[in-house]
Amino acid sequence: MAFLTRVFVGMALLMTSVFAVSEQSLQRSVMKSELTSHILLTDSVHSGESYFAPGLYGNIIYSKDGIEWQQADSPTQALLTTIFFIDESEGWAGGHDTLILHTTDGGKSWDIQYEDPITGGDIPKPVLDIVFKDKNNGYAIGAYGLMLVTSDGGANWNTVDTRGLYDLLESKEMEPEPNFNSMILYQDKLLIAGELGTMLLFDDKAEGDMRWQILESPYTGSFFGINELSTGELLVYGLRGNVYRSSDSAQSWAKIETGTLANIFDSFELPNGKLVLVGASGTLLTMDKSAMAAEKEPYPHFDSLMSIQTIRDGELLLFGSSGVKVISLR
């Protein structure tokens, strides 16, 4: 079974169709509401003095203290799945209908920079992650091997031809059009983690099929996130509580025991070096960076946790199916 996006995997109560998006969703601006901090939020970022989170119905909310949240002006009601800022003023958000939004006023208002709505029965390809090297050069990835690049700050987004990668994956008896769920800039390349154990390096300085390198994967299930730790080690996580660490640039991986079968959606490294992981059914885990096992933290709810930030010493912001919550670690 294909798990098409990290947003809804393991969230059966919310899921009717991962890509069930109205064709009119991009024609209407977001509805103003005082309840936006209590709806599904799919990602988060800390930029400047504020925290930002995108989510359901085109909502993007922001706050300086994690308690009082404001609703940004958004031009869409499509589900938003990812958000990225290059500095305090400029950022991008992505979502369904291959939608990319752009802000230049610190996230208070957003405009559509790129969109490719579902037409003629084509397969929808939501954007699942966005990252920029600098204010000009950026990347967007998503479902079914979607990859877009820009060299002018998003004024123009161009589709990367992945036909060579399709053939390469198929020759290795792998899914030829996997969902690209998460990416990081790594050693001047893109390290991509995705569906069915997909793990790739993309080098945009190379030519043709040489741009792609298929990495050995420790797991055949889907990965939902990948991060580089302050130690230079890599952390990848996904379905059924699977978390792995690499200390040799993704050449080999060691499994971290999590004690859970819940899907893991996000990780965060605290200032004290401790790692926090969150996932489905209220999963909240902590571990030391050097540890090979995680410890479950008490969390009294069963909402799926999609993203995490730290706000004050010992306090976390948790974003997920019930909006945003502030909790204290024991």
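Per this note's numbering, residue 2 is the first one in the sequence shown, and the count goes up by one each step. Just so it is clear, CB atoms sit at the ideal spot from N, CA and C, and this is done for glycine as well. Bear in mind the structure is a predicted one, so any value in this text is a computation, not a measurement.
In this structure, residue 267 and residue 184 do not form a Cβ contact; the two beta carbons are roughly 14 Å apart against a cut-off of 8 Å.
Ranked by Cα distance from residue 310, the options 81, 104 and 66 are led by 66. Taking C-beta atoms as the reference points, residue 81 and residue 43 count as a pair closer than 8 Å. Rounded to the nearest whole angstrom, the CA to CA distance from residue 317 to residue 215 is 35 Å.
A buried status is given to residue 196, since no fewer than 16 other beta-carbon atoms sit within 10 Å of its beta-carbon. By the Cβ-count criterion, residue 255 is exposed, with fewer than 16 other Cβ atoms from all chains shown falling within 10 Å of its own Cβ. In this structure, the straight-line span from the alpha carbon of residue 304 to that of residue 264 is close to 12 Å. According to the DSSP assignment, residue 48 belongs to the beta strand (DSSP E) that extends over 46 to 48. Taking all protein chains shown into account, residue 186 has fewer than 16 neighbouring C-beta atoms within 10 Å of its C-beta and is therefore exposed. Contact between residue 302 and residue 283 holds: their C-beta atoms lie close to 5 Å from each other, under 8 Å.
In this structure, DSSP gives residue 313 an extended state, which the three-state scheme calls strand.
Within the segment 119 to 179, the runs of alpha helix (DSSP H) that reach at least 4 residues and sit entirely inside it are, in chain order, 164 to 172. The beta-carbon distance between residue 154 and residue 136, rounded to whole angstroms, is 6 Å. This is short enough to meet the 8 Å contact definition. Within the segment 181 to 249, there are no complete alpha helix (DSSP H) runs of at least 4 residues. Among the bridge pairs identified by DSSP, residue 104 is matched with 92. With 16 or more other Cβ atoms inside 10 Å of its own Cβ, residue 97 counts as buried. In this structure residue 165 is exposed. Its beta-carbon is surrounded by fewer than 16 other beta-carbon atoms within 10 angstroms.
Taking 8 Å as the cut-off, the beta carbon of residue 258 is found closer than this to the beta carbon of residue 293. Cβ-Cβ separation between residue 31 and residue 71: approximately 13 Å, too far for a contact (criterion under 8 Å). When the alpha-carbon of residue 46 is set against those of 240, 133, 276 and 86, the nearest one is in 86.
Bridge pairing for residue 68: absent [DSSP]. For residue 192, the closest C-alpha among the options 68, 84, 224 and 261 is that of 224.
For residue 268, the enclosing beta strand (DSSP E) starts and ends at 265 to 270. Less than 8 Å separates the beta-carbon of residue 261 from that of residue 297. Distance from the CA of residue 73 to the CA of residue 61, rounded to the nearest whole angstrom, comes to 6 Å. In this structure, 69 is the residue among 272, 128, 69 and 99 with its C-alpha nearest to the C-alpha of residue 327.
Counting only the Cα atoms, residue 209 lies some 25 Å from residue 227.
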